[in-house]
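Protein chains in written order, with UniProt numbering: chain A, 1 to 171; chain B, 1 to 171.
Notes follow once the structure below has been shown.
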DNA sequence: ACCCATTCATTGGCCGACCAAGGTAAAGTT
DNA sequence: AACTTTACCTTGGTCGGCCAATGAATGGGT
């Protein structure tokens with residue numbers, strides 16, 4: 001009866017093999033899922049689905065950009081971005097127009113109405129962050145960020161999904 | 001030139017607002033996504049999609065169970081599990097039969113062929129975990145697990161998605 | 001000028017995951 | 001026994017994500 005991690009204990013008090021064989025992997029999945037749900041709730045008030053807010057934030061930051069830049073910034077699949085934009089366009093958050101300088105490219109920008117959400121979204125993210133980190137003191141927060149960055153580095157490396165990795169890693 | 005976190009620096013060397021307003025939230029999304037991709041690659045060899053392996057592991061652990069137990073153990077939406085099982089059934093990893101003791105319930109179990117994958121999947125998870133944690137010393141790993149558990153607790157609490165939360169939390 | 005490789009974006013198909021709504025069967029109430 | 005609530009699962013729809021394949025325009029090489 002080691003009463004190990006609280007989360008598993010709550011359910012069946014028998015740790016799934018998954019948790020034994022890969023505690024961090026397991027934790028990452030679970031945290032990500034819960035975080036996504038929490039984000040969904042917070043974003044419901046601003047008529048956005050989780051994931052879309054990052055795209056909008058980038059637009060609010062940088063104005064009219066072409067899709068490629070969004071793909072690179074968000075590190076998503078092109079098709080994902082296309083579909084997100086189609087939906088965001090339909091909900092009126094985004095406008096697309098052909099790039100006059102390059103006839104195969106498309107320029108994307110946030111609509112004026114969407115800019116009204118800007119503050120709300122940032123507040124939402126702020127409270128989400130605070131909620132996520134409740135009970136962690138500053139040192140713990142810093143450490144968590146540092147460790148997550150390291151993990152991201154690891155996953156990024158072999159995944160080879162980060163296109164432009166010049167060895168800037170250091171402690 | 002502060003050369004802050006390596007990951008952002010690689011892309012545009014301008015931190016998105018999202019990273020400023022919620023560094024951990026941002027990191028969690030990114031790590032989760034990369035982790036999922038990595039899992040997908042590792043699982044490709046065993047004919048499973050990321051997410052399915054957890055379900056299978058539970059089945060291998062516990063034998064024939066009813067769907068409700070899977071839902072509780074994996075903490076997923078019922079409909080999600082239903083659809084996963086339909087696909088797993090079609091690919092021959094899983095078998096379903098009505099529960100004789102309860103005519104609305106269904107018993108699920110892993111097929112014999114799927115059991116051949118058992119070891120492969122655990123190895124896959126092991127290597128995924130190792131890949132994720134490469135370069136972190138034991139103390140860092142422990143700390144990461146601890147912090148993630150704390151975050152999970154936080155997110156779990158308000159999300160109220162963990163059904164059976166008796167306060168078993170402690171260091 | 002021509003051809004070929006690259007880049008930009010889209011489509012279609014798939015999976016995990018959610019919610020909402022529905023149908024059936026088992027428990028609980030009166 | 002009849003009624004109501006609860007539990008179990010399914011269906012249909014939506015979104016974020018991926019991959020593979022496609023079409024259109026740009027750009028480099030010869």
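Ideal Cβ positions, reconstructed from N, Cα and C, are used throughout, including at glycine.
- In the structure shown, the three-state DSSP call for residue 139 of chain B is helix.
- For residue 93 of chain A, the closest alpha carbon among the candidates A/100, A/83, A/117, A/79 is that of A/117.
- Each of B/148, B/38, B/21 was checked against the Cα of residue 156 of chain A, and the nearest Cα belongs to B/38.
- Where residue 117 of chain A is concerned, there is no enclosing beta strand (DSSP E), because DSSP gives it neither an H nor an E.
- For residue 22 of chain B, the closest Cβ of chain A is nearer than 7 angstroms.
- If you look at residue 107 of chain B, you'll find it isn't in any alpha helix (DSSP H); it sits in the beta strand (DSSP E) that goes 106-110.
- Residue 98 of chain A has A/106 as its beta-bridge partners, per DSSP.
- Between residue 19 of chain A and residue 57 of chain B, the CB-CB gap reaches or exceeds 7 angstroms.
- The beta carbon of residue 128 of chain A is closer than 7 angstroms to those of 38, 39, 42 in its chain, skipping five residues each way along the sequence.
- Listed along chain B, the residues sitting closer than 7 angstroms to residue 16 of chain A by beta-carbon distance are 57, 58, 61, 73.
- Taking all protein chains shown into account, residue 30 of chain A has 16 or more neighbouring C-beta atoms within 10 Å of its C-beta and is therefore buried.
- Close CB contacts of residue 114 of chain B within its chain, under the 6 angstroms cut and outside five residues either way in sequence, are with 93 (chain order).
- Where residue 48 of chain B is concerned, there is no enclosing alpha helix (DSSP H), because DSSP gives it neither an H nor an E.
- Here residue 133 of chain A is near residue 141 of chain A, since their CB atoms are less than 7 angstroms apart.
- Excluding sequence positions up to five before and after residue 60 of chain A, its CB lies within less than 6 angstroms of the CB of 110, 118, all in the same chain and listed in chain order.
- For residue 91 of chain B, no alpha helix (DSSP H) run applies, since DSSP gives it neither H nor E.
- DSSP lists A/108 as the bridge partner or partners of residue 65 of chain A.
- In the three-state scheme derived from DSSP, where H, G and I count as helix and E and B as strand, residue 129 of chain B is classed as helix.
- From the beta-carbon of residue 150 of chain A, the residues of chain B found nearer than 7 angstroms are 135, 136.
- Look at residue 75 of chain A here: in three-state DSSP terms it is coil, with no helix or strand label.
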